[in-house]
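Engineer: This is the structure, below, for whatever I ask next.
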Amino acid sequence: MTDQTSSEIELLRAAYAAFNARDIDAALATMAPDVVWPKAFQGGFARGHQEVRDYWTEQWSEIDPHVEPTSFHREGDGLILVHVHQIVRDLAGTVVADGNVGHRFTIDSGWIRAMEVCPLPTSV
């Protein structure tokens with residue numbers, strides 16, 4: 344693993360930890376000001392810090408997601424696929440979803456530029 348890959352993985356770990364702690368400011372500090380973030384809960388994309396903040400604030404008022412990265416895979420220059428174990432609870436604590444998803448990040452100049460939710464590759 345290169346030093347660049349190592350620092351990118353640490354950036355992503357920090358973003359996941361901040362998200363799970365509901366620390367929006369710390370999560371946004373890992374992202375470019377013009378970040379493009381999927382609104383997986385609603386569809387479409389949030390663009391920029393304020394839209395991401397608004398989306399997460401609304402999302403967390405309705406569900407309680409927890410995302411735990413389990414592995415990181417470099418796909419190309421600036422692209423990292425993260426295998427994620429995701430548990431989503433309703434606000435009463437009942438699990439409504441529990442499974443594995445893929446998050447593909449575009450990282451440039453030490454910032455998360457974009458994220459997309461994607462299927463995980465199947466084993467051959």
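FYI, the numbering for the sequence shown is 344 to 467, going by our numbering.
All residues carry an ideal CB built from backbone N, CA and C; glycine is no exception.
Small disclaimer: the values here were computed from a predicted structure and weren't measured.
What residue range does the beta strand (DSSP E) around residue 449 cover?
Structural biologist: 438–451
Engineer: Pick from 454, 458, 453, 437: whose alpha carbon is nearest that of residue 447?
Structural biologist: The residue with the shortest Cα to Cα distance from residue 447 is 458.
Engineer: For residue 427 versus residue 415, is the C-beta distance shorter than 7 angstroms?
Structural biologist: Cβ atoms of residue 427 and residue 415: not closer than 7 angstroms.
Engineer: Locate the beta strand (DSSP E) running through residue 429, then write down its first and last residues.
Structural biologist: 422–433
Engineer: When DSSP labels each residue in this structure, what does residue 318 get in the three-state scheme?
Structural biologist: Outside the displayed range of the chain (344 to 467) lies residue 318, so it cannot be described from this structure.
Engineer: Within the continuous beta strand (DSSP E) that includes residue 375, where are the two ends?
Structural biologist: 374–381
Engineer: Spell out a yes or no on whether the segment 395–412 and the segment 352–370 are touching, meaning 3 or more CB-CB pairs, one atom from each, closer than 8 angstroms.
Structural biologist: yes
Engineer: Going straight from the alpha carbon of residue 405 to that of residue 362, what length do you get?
Structural biologist: Counting only the Cα atoms, residue 362 lies some 15 angstroms from residue 405.
Engineer: Report the partner residues of residue 454 according to the DSSP bridge assignment.
Structural biologist: 451
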